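>
Residue numbers (my numbering): 2 to 420.
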């Protein structure tokens, strides 16, 4: 061990001192709204940090966090003094000059600061982290982030299966055909992705991720994994489906292992078949990993069974992305109104008033109970109850925002609270 005099700068041989920061309610500043921020922000949000993002621009997923009031976004460049009264700073902009200035301010104010572009200039390093059953594993191995990620993966997988054995990561053989995996990530809670989906995610070179997928899992990816933001923000910014298809093809042809991480199930309003067809047209095979659909998991998380003996013998899933009177609609709303079972509506927040009016006009009772579950399975989940007669007004009064699953039927009234 080499001794250092007081005041000597850190050296590459000096180990970092591990510590868990308790950031709940404490000011945290993130400079830069790009891919690094997109990967790191969910963990900071989960820690309860009071987050201010300083950046003139942001990825669609980061913008969605601001719109959901999970962070405060100041749309400008860094200025000296921005780190006043800050406990923790993440400097991750594309402006090297601003990064250096922010790092210098952090040094003056004794603020723990992570630099995404220059680890040596930082006063803190972000470990490779993973979570299992309430346990957070954080690994630091100096300047070898891939080794950190590998050790983290081994410990987390061992915690999950009880063996503590390192997971097997199969290398690509020479001449092996490209691999693309369409992975259903489930309704949002990272614990609800399938075991196979999580394993394939750990093997990825490229991850093309939806906003509604389990975003917390992106923070567990090794630094070398390229994350492509395919967010589709309702009535806002989005990556066109054609561009997503082309990205899948291009990266696969480069010999990279590609995971298309989608919310819910790839084939339930997920355009998974369109992506599979685009790959097939280029001679690229893909595997489909089914996911837990929000159509059943979100109502279940809110204590609502979509079927129940003596109450509902069927449930019907309908997309509400177009209004009942829209000529593009493929839904027979009159037939749906005659059904006695459960109706589950996706992408229907904006048009729930018109949908409810159509169902009542075609014979469904106005007093039929309705439940809106916003951000189901997440820590921010909330449930709003109404009837077909007033659900449109109630949704507006309660400021319901997507993503939300809407359940119509008598099963709403028999649900029980869940924990």
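Beta carbons are placed, not taken as given, at the ideal position from N, Cα and C, and that holds for glycine. The structure displayed is predicted, hence computed values, not measured ones.
Determine the extent of the alpha helix (DSSP H) in which residue 45 is found, giving its start and end residues.
Looking at the DSSP string, the run of the alpha helix (DSSP H) that includes residue 45 is 36 to 47.
> Can you look up residue 259 in the DSSP assignment and give me helix, strand or coil?
Of the three classes helix, strand and coil, the one that applies to residue 259 here is strand, per DSSP.
> I'd like to know if the region 45 to 52 and the region 98 to 114 are in contact, where contact means that at least 3 CB-CB pairs between them fall below 8 Å.
Segments in contact, no.
> Under 9 Å between C-beta atoms, does residue 409 make it to chain B?
No chain B appears in the structure shown, which is made up of a single protein chain.
> Can you grab the Cα-Cα spacing for the pair residue 399 / residue 393, in whole Å?
Cα-Cα distance, rounded: 10 Å.
> Does the distance from the CB of residue 361 to the CB of residue 319 come in under 9 Å?
Result no, Cβ atoms of residue 361 and residue 319 do not sit closer than 9 Å.
> In the DSSP output, which residue or residues are listed as bridge partners for residue 90?
Residue 90 is bridged to 30, 114.
> If you draw a straight line from the alpha carbon of residue 78 to that of residue 55, how long is it in whole angstroms?
Residue 78 and residue 55: Cα-Cα distance of roughly 6 Å.
> Measuring CB atoms only, is the region 361 to 374 touching the region 338 to 353, in the sense that at least three cross pairs come out at less than 8 Å?
In short, these stretches touch, since the Cβ pair count reaches three.
> Identify which residue in 391, 368, 404 has its Cα closest to the Cα of residue 383.
Ranking the options by Cα distance to residue 383, first place goes to 404.
> Can you tell me which of the three DSSP states residue 170 falls into?
Note that residue 170 has pLDDT 49, beneath the 50 cutoff, so the model's placement of it is unreliable and the number below is only indicative. Note: residue 170 maps to coil in three-state DSSP.
> Quick one, are the C-beta atoms of residue 378 and residue 294 less than 9 Å apart?
Not closer than 9 Å, so no.
> What are the boundary residues of the beta strand (DSSP E) that includes residue 136?
Its beta strand (DSSP E) spans residues 136 to 140.
> Which one or two residues does DSSP pair with residue 300 in a beta bridge?
Answer by DSSP bridge pairing: none, since residue 300 is not bridged.
> Mind checking who residue 132 pairs with in its DSSP beta bridge?
DSSP lists 137 as partners of residue 132.
> According to the Cβ coordinates, are residue 395 and residue 367 closer than 9 Å?
No, these two residues do not count as a Cβ contact at 9 Å.
> Taking only three categories from DSSP, how would you classify residue 126?
Three-state result, residue 126: coil.
> Give the straight-line distance between the Cα atoms of residue 313 and residue 205, rounded to the nearest whole angstrom.
The alpha-carbon atoms of residue 313 and residue 205 are separated by roughly 42 Å.
> Leaving out five residues before and five after residue 67 in sequence, what residues of the same chain have Cβ atoms less than 8 Å from its Cβ?
So the list reads 54, 59, 73, 74, once near-sequence residues are dropped.
> According to the neighbour-count rule (16 or more other Cβ atoms, all chains shown, within 10 Å of its Cβ), is residue 18 buried or exposed?
Burial call: exposed.
> When the Cα atoms are used, what is the spatial distance from residue 421 to residue 275?
Residue coverage of the chain in this structure runs from 2 to 420, which leaves residue 421 outside it and unanswerable.
> From residue 321 to residue 200, what does the alpha carbon distance come to, in whole angstroms?
Looking at the two C-alpha atoms, the distance is approximately 33 Å.
> Return the chain-ordered list of same chain residues with a C-beta closer than 7 Å to the C-beta of residue 285, the five sequence neighbours on each side being excluded.
These residues qualify, in order along the chain: 179, 181, 250, 253.
> Out of 248, 88, 371, which one is the CA nearest neighbour of residue 256?
The shortest Cα separation from residue 256 among 248, 88, 371 belongs to 248.
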